[in-house]
Amino acid sequence: MNDESIYAEASKDRAAFWAKLAREGIDWFKEWDENYQWEPPYYRWFINGKLNMSYNALDRHIKTWRRNKAAIIWVPEPPNEKERVLTYFDLYREVNKFANVLKSLGVRKGDRVGIYLPMIPEVQIAMLACARIGAIHNVVFSAFSSKSLQERMLDAEAKVLVTVDGYYRRGKQINLKAEAEKGVEGTPIQKVVVVKRMGMDVNMVEGRDYWWHELMKDAGNYCEPEVMDSEDILYLLYTSGTTGKPKGVEHHTGGYAVQAYWTTKWDFDIHDDDVFWCTADIGWVTGHTYGCYGPLLCGATMVEYEGAPNYPQLDRWWSIVEKYGVTVFYTAPTAIRMFMQWGEEWPNKHNLNSLRILGTVGEPINEEAWLWYFNKIGGGRCPVIDTWWQTETGGTLINSLPGIGPFIPTVAGRSFPGTSHDILDESGNSMGIGEGGYLVQKNPFAPGMLRNVWRNPARYKEYFSVYAEKFYFTSDGARRWDELGNIRLTGRVDDVMKVAGHRLSTAELENAINSYEAVVESAVVAAPHDIKGEVPIAFVTLKPDVAPSDQLKKELIKHVDATIGPTARPDKIVFSSELPKTRSGKIMRRILKSLIRNQSVGDTTTLMNPESVEYLKKEIGYKE
Ligand code: AMP
Numbered sequence: 002m003n004d005e006s007i008y009a010e011a012s013k014d015r016a017a018f019w020a021k022l023a024r025e026g027i028d029w030f031k032e033w034d035e036n037y038q039w040e041p042p043y044y045r046w047f048i049n050g051k052l053n054m055s056y057n058a059l060d061r062h063i064k065t066w067r068r069n070k071a072a073i074i075w076v077p078e079p080p081n082e083k084e085r086v087l088t089y090f091d092l093y094r095e096v097n098k099f100a101n102v103l104k105s106l107g108v109r110k111g112d113r114v115g116i117y118l119p120m121i122p123e124v125q126i127a128m129l130a131c132a133r134i135g136a137i138h139n140v141v142f143s144a145f146s147s148k149s150l151q152e153r154m155l156d157a158e159a160k161v162l163v164t165v166d167g168y169y170r171r172g173k174q175i176n177l178k179a180e181a182e183k184g185v186e187g188t189p190i191q192k193v194v195v196v197k198r199m200g201m202d203v204n205m206v207e208g209r210d211y212w213w214h215e216l217m218k219d220a221g222n223y224c225e226p227e228v229m230d231s232e233d234i235l236y237l238l239y240t241s242g243t244t245g246k247p248k249g250v251e252h253h254t255g256g257y258a259v260q261a262y263w264t265t266k267w268d269f270d271i272h273d274d275d276v277f278w279c280t281a282d283i284g285w286v287t288g289h290t291y292g293c294y295g296p297l298l299c300g301a302t303m304v305e306y307e308g309a310p311n312y313p314q315l316d317r318w319w320s321i322v323e324k325y326g327v328t329v330f331y332t333a334p335t336a337i338r339m340f341m342q343w344g345e346e347w348p349n350k351h352n353l354n355s356l357r358i359l360g361t362v363g364e365p366i367n368e369e370a371w372l373w374y375f376n377k378i379g380g381g382r383c384p385v386i387d388t389w390w391q392t393e394t395g396g397t398l399i400n401s402l403p404g405i406g407p408f409i410p411t412v413a414g415r416s417f418p419g420t421s422h423d424i425l426d427e428s429g430n431s432m433g434i435g436e437g438g439y440l441v442q443k444n445p446f447a448p449g450m451l452r453n454v455w456r457n458p459a460r461y462k463e464y465f466s467v468y469a470e471k472f473y474f475t476s477d478g479a480r481r482w483d484e485l486g487n488i489r490l491t492g493r494v495d496d497v498m499k500v501a502g503h504r505l506s507t508a509e510l511e512n513a514i515n516s517y518e519a520v521v522e523s524a525v526v527a528a529p530h531d532i533k534g535e536v537p538i539a540f541v542t543l544k545p546d547v548a549p550s551d552q553l554k555k556e557l558i559k560h561v562d563a564t565i566g567p568t569a570r571p572d573k574i575v576f577s578s579e580l581p582k583t584r585s586g587k588i589m590r591r592i593l594k595s596l597i598r599n600q601s602v603g604d605t606t607t608l609m610n611p612e613s614v615e616y617l618k619k620e621i622g623y624k625e
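For what it's worth, this note's numbering labels the leading residue of the sequence shown as 2, then goes sequentially.
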């Protein structure tokens, strides 16, 4: 597929185009009756089609020469520890066994299973085992705190949790079981399965906690894949919105499988001899679609790395690319900027000639980082596929395709064949070339997109209500680049920020800070950052009897770590006895944003407390 005509073909009848792809890319137990239905604001794909995701990711490959092909090359963080290679047959056996384990623990179709695991192959095994028996997995990022885990397990009403004793991160041993222990408290979780990765001394509760390897010893080798409806839920993944509570995005089986398969195949031009490495953690949607389902559906070989990019040295990633001959490499702009800062001598130590395609995701990529990636990592040979998408979209949606292009730094590209987007102003008028506005997706919505927000349809409806149920509102700003349909993304237009590619809601962070007893209120805004893209800055008002101090800042940061996780840490905390407010008492985040960017704050005379702005100017060393 390296022919421009695919776009024209797809746009003739988008639903029919996806139906053709569904037939070609996925094995169905029963074909669907109807391609697509749209009953605003709900849409459905491949109505009454029946399939199983794990069957598509495993069974169909083991019937071919791929049975002994490497599916996962797992690289542990300690450089002297040996890698683990799981062939498709190995993975198939493990998944079947673990599916039987889950059944023996009472998990049935439709039940929710929490997965709180780092980057070890058991994470893919657990996900695929859930998919095999029709259980709904809910992966929680291993760097999230026990409170975040608990919140998600409660909302999803999970029955079983799969976790680990511990794992390595930057040479340190992290005891995840201790976090999991706190996280299951007060939740409906009845059983906890613990993978022994480290052999750490952990507390096991009799009758609740079981070692993975002990359960697997006696598990049967085969588990019949459950016949799933195209619209049965495959997984929930919680993501940050504009409120303090994360939302459980629902992805359904059939459409998601189709989009995961074809976007992996076309975006990365995947062939059987490729070695694909997506560096995203499995706790994020990129890890789900391109670190598990997409490559496995394609029968590809993928690399999975446990640890930090700079351990034991700043060239760890490039040593992995060289050692395993990675051909397709997918990462985030924040990582590229980090490597840029560390210097080209680190990639230069390695032969990166195996690379053929580079990808990025997570935030807009700046031109300097794009060029560095293209020249220093790709040796000027590899196209950079800048993929725009979201947790909600399940798979990539806007990017240039290899072999077709064009590849313009900072311009993601066109709508994936079979989808279409528009850029609108607030009243719904389409913007012209060179103009900016809000990015929306047009009907038919891509098959892998969210079908609902778990037990919260009101939040689901918000995606569609912005433009009267005509479009899906992405919450991203964008600029129309040219008449071909290329698009430049300009960042979120809501109170969501991307910190080192991780999605974070200001409201969630404010809730965490406000729950600290010395705090009266806070306002969090995003500040631009050279490496992380954006970082949170917290403006905090303390109780009148509490004196501001550096010690208190440290304690607040610890509190944020314990409430959300270290990814949410404020970069800076500014104490102020008052925050700028309107006369009706609303905190003016816009003014705070301007202050930290050294931009004009405009007229402040209508504020309730204009003096607070003067105070903050001095406090942060504002220079207009
Ligand atoms: P998440 O749901 O965590 O994957 O975050 C989705 C958000 O990340 C989008 O709404 C965008 O703001 C941003 N994003 C993802 N990929 C890109 C990209 N290639 N270019 C610009 N922004 C991106």
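All residues carry an ideal CB built from backbone N, CA and C; glycine is no exception.
- Query: With Gly566 and Ala179 assumed to form a contact (beta carbons below 8 Å), what rounded beta-carbon distance in angstroms separates them?
  - Reply: So it is not a contact: roughly 14 Å between Cβ atoms.
- Between Gly492 and the ligand FMN, is the CB less than 7 Å from at least one heavy atom? As for the ligand FMN, it is missing from this structure, which binds only the ligand AMP.
- Query: Is Thr507 closer than 8 Å to Val520 when the C-beta atoms are compared?
  - Reply: no
- Item | First and last residue of the uninterrupted alpha helix (DSSP H) at Ile558 | 551-564
- Task: Can you check the region 218-252 for any beta strand (DSSP E) of at least 3 residues that lies completely inside it and give the ranges in chain order?
- Result: 234-240
- Item | Beta-carbon proximity of Asp268 to Asn57, cut-off 8 Å | no
- Query: Short check: CB of Val259 to CB of Trp19, under 8 Å?
  - Reply: yes
- Message: I'd like to know whether the C-beta atoms of Thr254 and Leu59 end up nearer to each other than 8 Å.
- Response: no
- Query: Got a sec, what are the start and stop residues for the beta strand (DSSP E) Pro697 sits in?
  - Reply: Since the first residue of the chain shown is 2 and the last is 625, residue 697 is not available in this structure.
- Item | Helix, strand or coil at Glu323 [DSSP, three-state] | helix
- Task: Determine the closest residue to Leu92 out of Asp112, Val163, Ala71, Phe446, with distance taken between C-alpha atoms.
- Result: Ala71
- Query: From Val536 to Leu510, what does the alpha carbon distance come to, in whole angstroms?
  - Reply: 12 Å
- Task: Report yes if the C-beta distance between Thr388 and Val412 is below 8 Å; otherwise report no.
- Result: no
- Neighbour-count burial assignment, Ala513, 16 or more Cβ in a 10 Å radius: buried
- Taking one C-beta from the region 435-449 and one from the region 219-230 each time, how about it: are there three or more such pairs within less than 8 Å? no
- Task: Can you grab the Cα-Cα spacing for the pair Cys293 / Tyr257, in whole Å?
- Result: 13 Å
- Closer than 7 Å: Arg504 CB and nearest the ligand AMP heavy atom: yes
- Below 8 Å, can you find three or more Cβ-Cβ pairs linking the region 351-368 to the region 299-308? no
- What did DSSP end up calling Arg590 once you bin it into helix, strand or coil? helix
- Is any heavy atom in the ligand AMP found nearer than 7 Å to the beta carbon of Glu364? yes
- Query: Does the region 107-125 come within contact of the region 202-212, defined as at least 3 CB pairs closer than 8 Å?
  - Reply: no
- Task: Can you tell me which of Leu155, Gly380, Arg357, Val385 puts its alpha carbon nearest to the alpha carbon of Asn367?
- Result: Val385
- Message: On the criterion of 16 or more Cβ atoms from any shown chain inside 10 Å, does Arg591 qualify as buried, or is it exposed?
- Response: exposed
- Query: Any idea which residues DSSP pairs Lys113 with across the strands?
  - Reply: Just to set this straight, residue 113 is Arg in the shown sequence, not Lys. Arg113 is bridged to Ile137, Ala159.
- Task: Give a single yes or no on whether Asp562 has its beta carbon closer than 7 Å to a heavy atom of the ligand AMP.
- Result: no
- Task: Could you round the C-beta distance between Gly284 and Val194 to whole angstroms and report it? I think they count as a contact, below 8 Å.
- Result: The Cβ separation is near 18 Å, so there is no contact.
- Query: In terms of residues, what are the limits of the alpha helix (DSSP H) holding Trp668?
  - Reply: Nothing can be reported for residue 668: it is not among the residues displayed for the chain, which extend from 2 to 625.
- Query: How would you call Ala459, buried or exposed, if buried means at least 16 neighbouring beta carbons within 10 angstroms?
  - Reply: exposed
- For Ala281, which of Leu553, Ser12, Ile538, Ala501 has the nearest alpha-carbon? Ala501
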